[in-house]
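Adding 53 to a residue's 1-based position in the sequence shown gives its number in the numbering used here.
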Amino acid sequence: MYSLVLDAQEAWAPYAIEGSRGPARPADIADALTAVDREEAGTVMTYLSAGDLVFPGRLRRDREHAHRAAERVVKLLGRDSTWWTNIELSDAGRGWNPVSRFTFDGVVAGTGNGFVVALLQVGED
């Protein structure tokens, strides 16, 4: 996960706010993640894949398509899969623990059936 965040920070460096800092070590990211069940992982994966963290309500892709893709990924990893995210979704909105140097970020990651997957969205306004 740390490597993924570093790659995103490098790719998006021109958009970052000057002086902003990201995680200094893998443990910083681990501290920001919470274990979730398969259902919540699919919900967060759909949210990150279809929605825009910077502009809530604006879709980046078709929500139903994102939902079907998330369901397939969750199924691929299997019933004994383990999932983590830094996002907390509720009826009142969303909250997150930062994993990058960007104003907005969201990640969901899972492991199971010999696979590891991660979806990371970063953004600046």
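For each residue, glycine too, the CB sits at the ideal point set by N, CA and C. For clarity, every value in this text was computed on a predicted model and none was experimentally measured.
Segment contact: the region 148 to 162 against the region 109 to 120, fewer than three CB-CB distances shorter than 8 Å; contact not assigned. Rounded to whole angstroms, the gap between the alpha carbons of residue 100 and residue 66 is 24 Å.
Within the region 71 to 107, the complete alpha helix (DSSP H) segments at least 4 residues long are 79 to 85 and 91 to 103, listed from N- to C-terminus. Contact check for residue 165 against residue 134 passes: the beta carbons are separated by less than 8 Å.
By the neighbour-count criterion, in which a residue is buried when 16 or more other Cβ atoms sit within 10 angstroms of its Cβ, residue 155 is buried.
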